[in-house]
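Working notes, beginning with the structure itself.
In UniProt numbering, the protein residues as written are 1 to 114.
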């Protein structure tokens, strides 16, 4: 019984030593244009591999992606506006240089039958 308990403790310690340090959380502000031409934004908080998107009207969901751009691309359907710019936000609240997103693909119209 004691041997098993000791073995579990040593296993836990080795797992703790192997843990990779996570990168510090990063915060970004994704801005875009809403349906009526109003400028809207959401906050993207997290680190590579795990991002949380929060915004107005109780918007709050989790996205698994390597970069912020990937997270926004994957969450495009859930974000209630068309994202245009991603701006990094520092801890003191200042907004840095922006990352412009590529335009979304537009659906092509089918030729009409005459």
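A virtual CB, placed ideally from N, CA and C, is assigned to each residue, including glycine.
CB-CB under 8 Å to residue i, same chain, minus the five flanking residues each way: which ones, in chain order?
| i | result |
| --- | --- |
| residue 75 | 53, 61 and 63 |
| residue 4 | none |
| residue 51 | 44, 45, 62, 63, 64, 65, 68 and 71 |
| residue 79 | 30, 32, 42, 53, 55, 59 and 72 |
Out of curiosity, what's the CA-to-CA distance linking residue i and residue j?
| i | j | result |
| --- | --- | --- |
| residue 32 | residue 58 | 18 Å |
| residue 69 | residue 36 | 25 Å |
| residue 91 | residue 2 | 48 Å |
| residue 6 | residue 77 | 51 Å |
Are the Cβ atoms of residue i and residue j separated by less than 8 Å?
| i | j | result |
| --- | --- | --- |
| residue 46 | residue 26 | yes |
| residue 67 | residue 48 | yes |
| residue 71 | residue 42 | no |
Could you pull out every residue in the same chain whose Cβ sits closer than 6 Å to the Cβ of residue i, ignoring the five residues on either side in sequence?
| i | result |
| --- | --- |
| residue 34 | 40 and 81 |
| residue 23 | 47 |
| residue 38 | none |
For a test of the three-state rule: what should DSSP assign to residue i, helix, strand or coil?
| i | result |
| --- | --- |
| residue 25 | coil |
| residue 55 | coil |
| residue 43 | strand |
| residue 89 | strand |
| residue 116 | Here the chain has residues from 1 to 114 only, and residue 116 is not among them. |
| residue 74 | helix |
Return the first residue and the last residue of the beta strand (DSSP E) that residue i is part of.
| i | result |
| --- | --- |
| residue 64 | Counting along the chain, residue 64 falls outside any beta strand (DSSP E), and DSSP gives it neither H nor E. |
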